[in-house]
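**Q** The following block contains the structure, expressed as structure tokens.
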Amino acid sequence: MSFCFPPAATRSLAIAGQTERFPVNRIFCVGRNYAAHAIEMGKDPTREAPFFFMKPPQAIIDASTPQGMTYPPMTKNLHHEIELVVAIGKGGRDISVADALAHVYGYAVGLDMTRRDLQGEAKDKGRPWEFGKAFAESAPIGTLRTVSEIGHPSSATIALTVNGQPRQSSNIDQLIWSVAESIAQLSQYEALEPGDLIMTGTPEGVAAVVKGDVMNGRVDGIGEITVTVR
Ligand code: MN
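So the sequence shown is numbered by the numbering used here: it starts at 147 and just counts up by one.
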């Protein structure tokens with residue numbers, strides 16, 4: 147096959163202990179999946195059905211080593227959201243909760259960077275969230291740890307500091323919808339494919355960063371990432 151110009155490069159993530167890389171297909175994100183974050187966003191944290199939005203693969207920054215991210219245009223309120231990232235290794239549709247974890251290849255730590263002012267404007271006007279969420283470099287993600295190495299963590303501290311100061315701290319056991327439940331729900335709407343990522347939502351403490359800020363995020367037992375806004 148030949149193309150009229152070179153196709154976009156495949157975005158990928160590092161895998162701990164391997165030279166092979168994980169090719170990123172689609173990026174699904176779960177909205178408001180920690181009660182304390184739903185409350186800080188002015189929403190009712192009762193357990194309504196999960197909802198999802200997406201980012202394009204161009205959002206990926208390979209943050210397996212300390213990285214920079216460009217402060218994006220058209221915003222004055224860029225927020226950090228530290229998240230547990232699930233990497234899908236086996237596709238499927240209508241996956242049951244009981245079978246869901248068998249579809250997971252591994253886990254990583256990621257940031258769902260958000261142009262909060264644009265997201266807020268979209269919410270107010272009933273418009274799509276894309277410009278608030280789906281911009282280039284909006285998803286720095288660290289090294290993947292495989293299920294064969296670490297299993298399926300269900301309780302672990304998730305935390306973020308900015309310039310060494312604590313901003314977000316919680317535990318992944320506070321997820322309203324578990325990893326298995328999120329996979330099951332999502333697969334009812336869209337057949338999952340190998341290479342898909344699911345960003346599982348952020349705990350409370352989201353706030354703005356500015357140029358020069360250094361974000362350090364971690365999920366204990368999975369890893370940490372360091373990203374400088376430039
Ligand atoms: Mn998020």
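Note that the Cβ used here is the ideal one computed from N, Cα and C, for glycine as well. The structure displayed is predicted, hence computed values, not measured ones.
Can you tell which of Gly347, Thr374, Ile368 and Gly367 has the C-alpha that lies nearest to the C-alpha of Phe198?
**A** Of Gly347, Thr374, Ile368 and Gly367, the residue nearest in Cα terms is Gly347.
**Q** How many angstroms separate the CA atom of Glu267 from the CA atom of Trp275?
**A** Spanning the two alpha carbons is a distance of roughly 9 Å.
**Q** For Gln334, collect the residues of the same chain with a Cβ closer than 7 Å to its Cβ; drop the 5 residues on either side in sequence, then sort them by chain order.
**A** Around Gln334: Asp240.
**Q** For the segment 219 to 227 against the segment 197 to 211, do three or more pairs of beta-carbon atoms, one drawn from each stretch, fall closer than 8 Å, so that the two count as touching?
**A** Because the criterion of three Cβ pairs below 8 Å is not met, the segment 219 to 227 and the segment 197 to 211 do not touch.
**Q** Just the Cα atoms here: how many angstroms apart are Tyr253 and Phe149?
**A** Whole-angstrom Cα-Cα distance: 34 Å.
**Q** Would you decide whether Asp258 is buried or exposed? Buried here means 16 or more other CB atoms lie within 10 Å of its CB.
**A** By the 10 Å Cβ count, Asp258 comes out buried.
**Q** Measuring straight from C-alpha to C-alpha, what distance separates Glu378 and Gly288?
**A** As shown, the chain starts at 147 and ends at 376. That puts residue 378 outside it, with no answer to give.
**Q** Any contact between the segment 271 to 285 and the segment 311 to 321? By contact I mean 3 or more CB pairs, one from each, below 8 Å.
**A** Segments in contact, no.
**Q** When the Cα atoms are used, what is the spatial distance from Leu343 to Gln204?
**A** Their Cα atoms are separated by approximately 13 Å.
**Q** Might you give, ordered along the chain, the residues of its own chain that have their beta carbon closer than 6 Å to the beta carbon of Gln320, omitting 5 neighbours on each side?
**A** For Gln320, where only same-chain residues beyond five positions count, the Cβ hits under 6 Å are Tyr180.
**Q** One question on the structure: do Met345 and Val176 come within less than 9 Å of each other, judged by their Cβ atoms?
**A** Yes. Within cutoff.
**Q** Buried or exposed: Ala233, going by 16 or more other Cβ atoms within 10 Å of its Cβ?
**A** Classification of Ala233: buried, given that the 10 Å Cβ count is 16 or more.
**Q** Please list, in chain order, all residues of the same chain as Gly153 whose beta carbon is under 8 Å from its beta carbon, the five residues on each side excluded.
**A** Note on identity: in this sequence residue 153 is Pro, with Gly being the wrong assignment. If we look at Pro153 and ignore the five residues flanking it on each side, it has no Cβ neighbours.
**Q** Hey, Thr372 and Ile161: beta-carbon distance below 9 Å or not?
**A** Cβ distance not < 9 Å, so Thr372 and Ile161 don't count as in contact.
**Q** Could you work out which residue in Arg193, Pro349, Ala209 and Pro340 is closest to His183 when comparing CA atoms only?
**A** Ranking Arg193, Pro349, Ala209 and Pro340 by Cα distance to His183 puts Pro349 first.
**Q** What do you get for Ile228, buried or exposed, if any count of 16 or more other CB atoms within 10 angstroms of its CB means buried?
**A** By the neighbour-count rule (16 or more Cβ atoms within 10 Å), Ile228 is buried.
**Q** What three-state label does DSSP hand Ile329 in the structure shown?
**A** Three-state result, Ile329: helix.
**Q** Is DSSP giving Phe281 helix, strand or coil here?
**A** Phe281 falls in the coil class under three-state DSSP.
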